[in-house]
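Peer 1:
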Amino acid sequence: MIAIKRYTILVIILGAVSVLQAQDEPIAPLLEGMGDHHHEITTDDTLAQRYFDQGLILHYGFNHAEAARSFREAQRLDPDCAMAYWGEALTFGPNINAGMSAASLPVVWESIQKAQELSANVTQREKDYIDALASRYEENPPPDRSQLDRDYADAMRELANKYPDDPDAQALFAEALMVTTAWNYWLDNGEPNSTAGEVLSTLETALKKYPQHPALNHFYIHLVEMEHPKWGVASADRLRGLVPGIGHLVHMPSHIYIHIGRFADGSIANQKAVEADQRYLNQHGAHGMYRISYMPHNSHFLWFTSSMEGRGQKCLEAANITKDYIIEDLLYQPGYGSLYEHYALPYLAMARFGMWDDILDEPEPDDELLFPVAIWHYARGLAYVRSGDLQSAQQELDALKQMNNQETLRSMGVWGVYTTGNVIQIAINVLNAEIWAAESNYTGAIELLREAVDLEHSLGYHEPPAWYAPVRQTLGAILLEAGNAREAEQAYRRDLEEWPDNGWSLFGLYQALKAQGKDSEAQTVYDRFQEAWSRADVELTSSRM
20 MIAIKRYTIL VIILGAVSVL QAQDEPIAPL LEGMGDHHHE ITTDDTLAQR YFDQGLILHY
80 GFNHAEAARS FREAQRLDPD CAMAYWGEAL TFGPNINAGM SAASLPVVWE SIQKAQELSA
140 NVTQREKDYI DALASRYEEN PPPDRSQLDR DYADAMRELA NKYPDDPDAQ ALFAEALMVT
200 TAWNYWLDNG EPNSTAGEVL STLETALKKY PQHPALNHFY IHLVEMEHPK WGVASADRLR
260 GLVPGIGHLV HMPSHIYIHI GRFADGSIAN QKAVEADQRY LNQHGAHGMY RISYMPHNSH
320 FLWFTSSMEG RGQKCLEAAN ITKDYIIEDL LYQPGYGSLY EHYALPYLAM ARFGMWDDIL
380 DEPEPDDELL FPVAIWHYAR GLAYVRSGDL QSAQQELDAL KQMNNQETLR SMGVWGVYTT
440 GNVIQIAINV LNAEIWAAES NYTGAIELLR EAVDLEHSLG YHEPPAWYAP VRQTLGAILL
500 EAGNAREAEQ AYRRDLEEWP DNGWSLFGLY QALKAQGKDS EAQTVYDRFQ EAWSRADVEL
560 TSSRM
């Protein structure tokens, strides 16, 4: 999905498989838009083969609970199909975004034992797959399963070397390696660490032979997105239409596009992903983490890409879709603070696009929802600044500061990447800076914003970014208001290095260049801005509303 570190929330299974289901009733549907990926297994039942293929592609698309249902249906159709049990054991194991749920241990152990029991009558290749996966599990594993994950990666290396013309072997080996160092792939000098270097070599070699393989492209995008996104352009462009029924795979190209300035393409990919997942949800329901995390991830991305395009209405629509995905009961359970990020998105969309009256009409969230309440205060503070009511803005700022004194809010983790307290501190600095700028205290405002830039970049890699709008866009605007066009130009150029061709900073750069009398260069930048802003529904007078 998700370019995030291992989840800190409990992996739950929402009706993934039902042991009470009658044996003559299908456990899972055959889904549309699954592409044509095929992995031959030993079975005389053609429908069992189809369900196995569906389970494997769903696994590659990170819909693990639905993949398990497909593997279970293959088992029902052919109880002697060893690879159907292998598939279930595979998909309930660790992945690059989540550790292994304790609740899945008995199922996984039973499945891999059954696969081994049935492996006498399968091909040698299938037996090798089963034996490799068996090295990943123990009936009573230690709390730290990192050695088991390394054992599995080592076993998959042997399998991948033994079957160099099997793209699934290469893909699963790459995934196994990535799990051992999830989201820690690159050194400070931009070179891959030793594990990631092997993943990179494996994927690039396999992609030369099998450029249309969904998992090879998926894992390659996740590997390079944070450090070398341009390397992933070909994979992103290929993956767009390979598996149109799995929203996560449809969405994946945007992990590359947002880093190379293709925000419109990112919006198109995520719009299609939202639609694909909505069809799936409407027709079949959604299960497990895919429903809780991966589906809203697509609309969350659409919120960000449409924001960078200047499409205010689409940004707000995507924010509301993301919020609506929340299973409300989970908001009040320990460990689900990450969902607060989704809850607060509409406030941030309205703040991004200057919907000040709408913000002030929003009722305060339930006071138990600390992060949404804090963001509500922040958005209201901005609205009051823009209306000239600085006294009310200061009251909102004071409320925000008071909230950030609460340890519960400061320490709340979001997807295991950052804490809400750090985000609220950015909000405090930005709102305080806006108040001071409105009072012509530009020196203080600029100092606060420079601190906020540093805070923003200390949050860790998270997509979409943890802070809703690059702080340098506000910094540049206030530098211009202060009459410092040269430093504003520097701020915008730095932002464009990080977020190429984003219209907000292109417009700000145009203004900064004009203010310095660099008219020819300003016109060139303005032409770029017009292209970047071609789908926007707002007009800019500044790089922030």
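Numbering-wise, the working numbering comes out as the position in the sequence shown, counting from 1, plus 19.
Beta carbons are placed, not taken as given, at the ideal position from N, Cα and C, and that holds for glycine.
1) Look at the alpha carbon of G556 and the alpha carbon of S138, and state the distance between them as a whole number of angstroms.
2) What would DSSP say about A67, mapped onto helix, strand or coil?
3) Evaluate the contact criterion for the region 265 to 283 versus the region 241 to 257: three or more CB pairs, one atom per stretch, below 8 Å.
4) With a 10 Å radius around its C-beta and 16 neighbouring C-beta atoms as the bar for buried, classify T199 as buried or exposed.
5) Identify every residue that forms a DSSP beta bridge with Y437.
6) By Cβ distance, which residues of its chain are closer than 7 Å to P248, with the 5 residues on each side in sequence left out?
7) What is the DSSP secondary structure of W202, reduced to helix, strand or coil?
8) With burial defined as no fewer than 16 other Cβ atoms inside 10 Å of the residue's Cβ, what is the status of S130: buried or exposed?
9) Please state if the CB of M119 and the CB of R164 are separated by a distance shorter than 8 Å.
10) If I measure Cβ to Cβ from L300 and keep anything under 8 Å in the same chain, skipping five residues before and after, which residues do I get?
11) What do you reckon, are the CB atoms on A201 and I115 nearer than 8 Å?
12) Between E570 and P183, what straight-line distance do the alpha-carbon atoms span, to the nearest angstrom?
13) Counting only the same chain and skipping the five closest in sequence on each side, list residues whose C-beta sits under 6 Å from that of A172.
14) If A393 sits next to A446, beta carbons under 8 Å apart, how far is it from one beta carbon to the other, in whole angstroms?
15) Kindly indicate the opening and closing residues of the alpha helix (DSSP H) around A122.
16) Confirm, please, whether the CB-CB distance from R405 to W375 is below 8 Å.
17) Give every residue of the same chain whose Cβ lies closer than 8 Å to the Cβ of D256, excluding the five residues on either side of it in the sequence, and list them in chain order.
18) Starting from the C-beta of S561, find all residues in its chain whose C-beta is less than 6 Å away, skip the five residues before and the five after it, and write them out in chain order.
19) Below 8 Å on the Cβ atoms is my contact criterion, and I expect A174 with A151 to pass it. Report the Cβ-Cβ distance as a whole number of Å.
20) Whole angstroms is fine: what's the gap from L96's alpha carbon to G209's?
21) Between the beta-carbon of L499 and the beta-carbon of Y437, is there less than 8 Å?
22) With a threshold of 6 Å on Cβ separation, who are the neighbours of S553 within its own chain once the five nearest residues in sequence on each side are excluded?
23) So what does P6 bridge to, in DSSP terms?
24) Excluding sequence positions up to five away, which residues of its chain have a Cβ less than 8 Å from the Cβ of R169?
25) Need the endpoints of the alpha helix (DSSP H) that D168 sits in, please.
26) Between W395 and Q444, what straight-line distance do the alpha-carbon atoms span, to the nearest angstrom?
27) With DSSP collapsed to three states, give me the class of N317.
28) In this structure, what does DSSP give as the bridge partners for N159?
29) Just reading off the alpha helix (DSSP H) that D546 is part of, what are its end residues?
30) On the CB-based measure, 16 or more other CB atoms within 10 Å of its CB, does N423 come out buried or exposed?
31) Using the three-state DSSP reduction, which class does N521 fall into: helix, strand or coil?
32) Can you give me the C-alpha to C-alpha distance between H56 and S89, rounded to a whole angstrom?
33) Quickly, what does DSSP pair N114 with across the bridge? List them, please.
34) Note the first and the last residue of the continuous alpha helix (DSSP H) segment covering W588.
35) Beta carbon of L178, beta carbon of F192: below 8 Å?
36) Under the three-state reduction of DSSP, which class applies to V557: helix, strand or coil?
Peer 2: Short version:
1) The sequence position of residue 556 within the sequence shown is 537, counting from 1. The sequence position of residue 138 within the sequence shown is 119, counting from 1. The question names Gly, but residue 556 is Asp in the sequence shown. Rounded to the nearest angstrom, the two C-alpha atoms are 60 Å apart.
2) Residue numbering aside, residue 67 sits at position 48 when the sequence shown is read from its first letter. In the structure shown, A67 sits in a helix (DSSP, three-state: H, G or I).
3) yes
4) Position 180 of the sequence shown holds residue 199. Buried: at least 16 other Cβ atoms inside 10 Å.
5) In the sequence shown, the residue the question calls residue 437 occupies position 418. The partner list for Y437 (beta bridge, DSSP) reads V433.
6) Numbered from its first residue, the sequence shown carries residue 248 at position 229. So the list reads I275, H278 and I279, once near-sequence residues are dropped.
7) Counting from 1 along the sequence shown, the entry for residue 202 is found at position 183. Residue state, collapsed to three classes: coil.
8) Residue 130 sits at position 111 when you count from the first residue of the sequence shown. Buried is the call here.
9) In the sequence shown, residue 164 corresponds to position 145, counting from 1. In the sequence shown, residue 119 corresponds to position 100, counting from 1. Yes; because the gap between Cβ atoms is below 8 Å, this pair is in contact.
10) Residue numbering aside, residue 300 sits at position 281 when the sequence shown is read from its first letter. Only R310 and M314 meet the Cβ criterion.
11) Start at 1 with the first residue of the sequence shown, and residue 201 comes out as number 182. Start at 1 with the first residue of the sequence shown, and residue 115 comes out as number 96. Yes, they are a contact pair.
12) The shown model of the chain, from 20 to 564, leaves out residue 570, and the question about it has no answer.
13) Taking the first residue of the sequence shown as position 1, residue 172 is located at position 153. Result list for A172: A195, L196 and T199, in chain order.
14) For the purposes of this step, residue 393 is taken as residue 374 along the sequence shown, with counting starting at 1. For the purposes of this step, residue 446 is taken as residue 427 along the sequence shown, with counting starting at 1. Their Cβ separation, rounded to whole angstroms, is 7 Å, which keeps A393 and A446 in contact under 8 Å.
15) Here residue 122 is taken as the residue at index 103 of the sequence shown, counted from 1. Neither: A122 is in no alpha helix (DSSP H) and is coded neither H nor E.
16) Against the sequence shown, residue 375 aligns to sequence position 356. Against the sequence shown, residue 405 aligns to sequence position 386. Cβ distance < 8 Å, so W375 and R405 count as in contact.
17) Taking the sequence shown and counting its residues from 1, one reaches residue 256 at position 237. If we look at D256 and ignore the five residues flanking it on each side, its Cβ neighbours are P272.
18) Locating residue 561 in the sequence shown gives position 542, counting from the first residue. Here the set comprises A496.
19) Within the sequence shown, numbered from 1, the residue matching residue 174 stands at position 155. Within the sequence shown, numbered from 1, the residue matching residue 151 stands at position 132. Between A151 and A174 the Cβ distance is about 4 Å, and since that is below 8 Å, they are a contact.
20) On the sequence shown, position 77 is the one that residue 96 refers to. On the sequence shown, position 190 is the one that residue 209 refers to. C-alpha separation (whole angstroms): 49 Å.
21) Taking the sequence shown and counting its residues from 1, one reaches residue 499 at position 480. Taking the sequence shown and counting its residues from 1, one reaches residue 437 at position 418. Contact: no.
22) Residue 553 sits at position 534 when you count from the first residue of the sequence shown. Here the set comprises nothing.
23) There is simply no residue 6 to check, as the chain begins at 20 and stops at 564 in what is shown.
24) Here residue 169 corresponds to residue number 150 of the sequence shown, with the count starting at 1. Cβ neighbours of R169 beyond the five flanking positions: T199.
25) Your numbering for residue 168 matches position 149 in the sequence shown. S165 to K181 is the span of the alpha helix (DSSP H), which, as asked, contains D168.
26) On the sequence shown, residue 395 is found 376 positions in, with the first residue counted as 1. On the sequence shown, residue 444 is found 425 positions in, with the first residue counted as 1. So the two alpha carbons sit approximately 14 Å from each other.
27) One-based indexing of the sequence shown puts residue 317 at position 298. N317 falls in the helix class under three-state DSSP.
28) Translated into the one-based positions of the sequence shown, residue 159 becomes position 140. DSSP lists no partner for N159.
29) Within the sequence shown, residue 546 is the residue found at index 527, counting from 1. From DSSP, the alpha helix (DSSP H) with D546 extends over D538 to A551.
30) Position 404 of the sequence shown, counting from 1, holds the residue named residue 423. Under this definition N423 is a buried residue.
31) Within the sequence shown, numbered from 1, the residue matching residue 521 stands at position 502. Three-state result, N521: coil.
32) Within the sequence shown, residue 56 is the residue found at index 37, counting from 1. Within the sequence shown, residue 89 is the residue found at index 70, counting from 1. Straight-line Cα distance between these residues: approximately 15 Å.
33) Numbered from its first residue, the sequence shown carries residue 114 at position 95. According to DSSP, N114 bridges with A117.
34) Shown here, the chain extends from 20 to 564; a query on residue 588 therefore has no answer.
35) For the purposes of this step, residue 178 is taken as residue 159 along the sequence shown, with counting starting at 1. For the purposes of this step, residue 192 is taken as residue 173 along the sequence shown, with counting starting at 1. Contact: yes.
36) Against the sequence shown, residue 557 aligns to sequence position 538. Looking at V557 - three-state DSSP - the assignment turns out to be coil, as it is neither helix nor strand.
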